[in-house]
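Numbering follows numbering that gives the first Met the number 0, with no gaps: position 51 of the sequence shown is 50.
Don't be surprised by glycine CBs; every beta carbon is placed ideally from N, CA and C.
Here the structure is a predicted model, which is why all the values come from computation and not from measurement.
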Amino acid sequence: MSGLIFPLFTHVLLCTVLYALLTIARAPVIWGVGQSNDGLNPFSNIQPKISANLSNQFEWPLFFYIASVLLIAMDEPIDSVQIYLAWVFVVGRVSHSIVQIFTNNIRLRGMVFTINFVAVLAMWALIFIGEIGL
Numbered sequence: 000m001s002g003l004i005f006p007l008f009t010h011v012l013l014c015t016v017l018y019a020l021l022t023i024a025r026a027p028v029i030w031g032v033g034q035s036n037d038g039l040n041p042f043s044n045i046q047p048k049i050s051a052n053l054s055n056q057f058e059w060p061l062f063f064y065i066a067s068v069l070l071i072a073m074d075e076p077i078d079s080v081q082i083y084l085a086w087v088f089v090v091g092r093v094s095h096s097i098v099q100i101f102t103n104n105i106r107l108r109g110m111v112f113t114i115n116f117v118a119v120l121a122m123w124a125l126i127f128i129g130e131i132g133l
């Protein structure tokens with residue numbers, strides 16, 4: 000089994016948790032469950048952040064999935080550096096989600112995003128270097 004399956008699955012779990020959180024945050028408006036005494040949604044301040052973060056999981060991570068599938072499809076041993084970079088990406092995505100949803104710290108969010116951005120760029124660079132034989 001490929002060592003990339005675990006980080007891929009972990010990112011899928013992150014997306015699943017985000018969908019569950021979004022469902023809970025929207026429940027007061029959609030189903031009337033969990034409304035505050037004044038009839039308002041107690042999650043109205045966090046719901047847009049969860050929604051935006053969930054959308055983010057289908058932008059840059061696309062390149063992570065493509066790189067991972069390419070590495071698996073090449074049917075060659077996957078370098079431990081690639082597996083390490085995949086974990087850096089996933090830990091970065093989890094961190095990015097926490098920062099985006101629970102803080103308003105744009106600078107920290109940018110730094111955390113940069114970590115997982117660079118991890119995927121490095122994965123692609125190693126794939127490219129391996130293919131051209133450098």
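Could you tell me the distance, in whole angstroms, from the CA atom of Ala85 to the CA atom of Ser43? Between Ala85 and Ser43, the C-alpha separation is close to 34 Å.
Taking the straight line between their C-alpha atoms, what separation do you get for Asp78 and Val89? 17 Å
If you pair each beta-carbon of the stretch 53-72 with each one of the stretch 119-132, do three or more pairs fall below 8 Å? yes
Relative to the C-alpha of Val111, which residue among Pro47, Ala118, Val117 and His95 is closest? His95
Closest residue to Ile82 among Asn103, Asn55 and Tyr64 (Cα-Cα distance): Tyr64
Between which two residues does the alpha helix (DSSP H) carrying Glu130 extend? For Glu130, the enclosing alpha helix (DSSP H) starts and ends at Ile105 to Ile131.
For Phe57, report the span of its alpha helix (DSSP H) as first-last. Segment: none, Phe57 is in no alpha helix (DSSP H) and carries neither H nor E.
Is Ser94 helix, strand or coil by DSSP? helix
Who are the near neighbours of Asn115 in its chain, counting only those whose CB is closer than 6 Å to its CB and skipping five residues on each side? Cβ neighbours of Asn115 beyond the five flanking positions: Phe88, Gly91 and Arg92.
For Ile100 and Asn52, the rounded distance between their alpha carbons: 7 Å
9 Å Cβ cutoff met for Ala24 and Asn40: Yes, Cβ-Cβ distance for Ala24 and Asn40 is below 9 Å.
Sorted by chain position, which residues of the same chain lie with C-beta nearer than 6 Å to Pro6's C-beta, five sequence neighbours on each side aside? Cβ-Cβ distances below 6 Å link Pro6 to Ala85, Trp86 and Val89 in the same chain, with the five nearest sequence neighbours on each side left out; the list follows chain order.
Which one of Leu133, Phe62, Val11 and Val28 has the shortest CA to CA distance from Leu120? Looking at the Cα atoms, Phe62 is the closest of the given residues.
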